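K.L.:
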Amino acid sequence: MDQRCAASEQPYLSRRQNWVNQLHRHALMQPGATALRFLGHTVTWAELRRRVAALAGALSRRGVGFGDRVMVLMLNRTEFVESVLAANMIGAIAVPVNFRLTPAELAFLVDDCEARLMITEPVLAAVGNAVRNITPVLNTIVVAA
Numbered sequence: 011m012d013q014r015c016a017a018s019e020q021p022y023l024s025r026r027q028n029w030v031n032q033l034h035r036h037a038l039m040q041p042g043a044t045a046l047r048f049l050g051h052t053v054t055w056a057e058l059r060r061r062v063a064a065l066a067g068a069l070s071r072r073g074v075g076f077g078d079r080v081m082v083l084m085l086n087r088t089e090f091v092e093s094v095l096a097a098n099m100i101g102a103i104a105v106p107v108n109f110r111l112t113p114a115e116l117a118f119l120v121d122d123c124e125a126r127l128m129i130t131e132p133v134l135a136a137v138g139n140a141v142r143n144i145t146p147v148l149n150t151i152v153v154a155a
């Protein structure tokens, strides 16, 4: 049976079952367990929650809020997951994009989705800056290595 909330018409349980709530749940229930593993680097659930909350705070201080789009331009790395979760934590919408796109193609996507901010990494910072030069309303955050 599908229980629905009259106010939102969403399934009742879906309001609580989201990525951020699951992150909090895992960090509370098994804080020392492995959440992410990439290239020999391991991140625990507690560490992931701390890092995601810190990035979410930084995004909020930059003026990103509920419903805003946050473009994520990264190679495969743990910070990609952290960026998507941080955007979700503050109610923003993560917009992951292919790092192979040209600055002009990325600028089109920025304008189309109205991204307020781009999270990128040092190796792609030049691409992010080129996009910002085409679309000056975009801010760029470079993720430390």
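Under the working numbering, the residue at position 41 of the sequence shown is numbered 51, and the numbers go up by one with no gaps.
Note that beta-carbon positions come from the ideal geometry of N, C-alpha and C, so glycine has one too.
If you're wondering where the values come from, they're calculated on a predicted model, not measured in any experiment.
#1: How about the stretch 83-103 and the stretch 128-142: do they share at least three Cβ pairs that are nearer than 8 Å?
#2: With distances taken between CB atoms, is the gap from residue 101 to residue 76 smaller than 8 Å?
#3: Which residue comes first and which comes last in the beta strand (DSSP E) that contains residue 129?
#4: Kindly give me the distance between the Cβ atoms of residue 93 and residue 127, rounded to whole angstroms, as I take these residues to be in contact under 8 Å.
#5: Leaving out five residues on either side along the sequence, give the residues of the same chain with a beta carbon under 7 Å from the beta carbon of residue 55.
#6: Judging by CA-CA distance, which residue of 68, 51, 74, 59 is the nearest neighbour of residue 147?
#7: What residue ranges within the stretch 93-149 form continuous alpha helix (DSSP H) runs of no fewer than 4 residues, ordered along the chain?
#8: List the DSSP bridge partners of residue 52.
#9: Would you kindly report the start and end of the unbroken alpha helix (DSSP H) that includes residue 81?
#10: Should residue 52 be flagged as near chain B, meaning a C-beta pair shorter than 8 Å?
#11: Contact defined as beta carbons within less than 8 Å: I believe residue 145 pairs with residue 105. What is the distance between those atoms, to the nearest angstrom?
#12: So what does residue 152 bridge to, in DSSP terms?
#13: Would you mind sorting residue 90 into buried or exposed? The rule is 16 or more other CB atoms within 10 Å of its CB.
#14: Could you check how far apart the C-beta atoms of residue 95 and residue 29 are, in whole angstroms? I think they sit under 8 Å.
#15: So, with DSSP's three-state summary, where would you put residue 62?
P.N.:
Taking the geometry as given:
#1: Touching, per the Cβ criterion.
#2: The Cβ atoms of residue 101 and residue 76 sit closer than 8 Å to each other.
#3: It spans 125-130 - the beta strand (DSSP E) in which residue 129 sits, taken as one unbroken run.
#4: That belief does not hold up - the Cβ atoms of residue 93 and residue 127 are roughly 10 Å apart, past 8 Å.
#5: So the list reads 36, 37, 40, 41, 43, 45, once near-sequence residues are dropped.
#6: Cα-wise, what sits closest to residue 147 is 74.
#7: Qualifying alpha helix (DSSP H) stretches, in chain order: 113-123, 135-144.
#8: Residue 52 is bridged to 47.
#9: First-last for residue 81: 79-82, but that is the beta strand (DSSP E), not the alpha helix (DSSP H).
#10: Note that chain B does not occur in the displayed structure, where there is just one protein chain.
#11: Between the beta-carbon of residue 145 and that of residue 105 there is about 13 Å, and that puts the pair past the 8 Å contact cut.
#12: Bridge partners of residue 152: 130.
#13: Answer is buried; the Cβ neighbour count reaches 16.
#14: In this structure residue 95 touches residue 29 by the C-beta definition: roughly 6 Å separates them, less than 8 Å.
#15: Looking at residue 62 - three-state DSSP - the assignment turns out to be helix.
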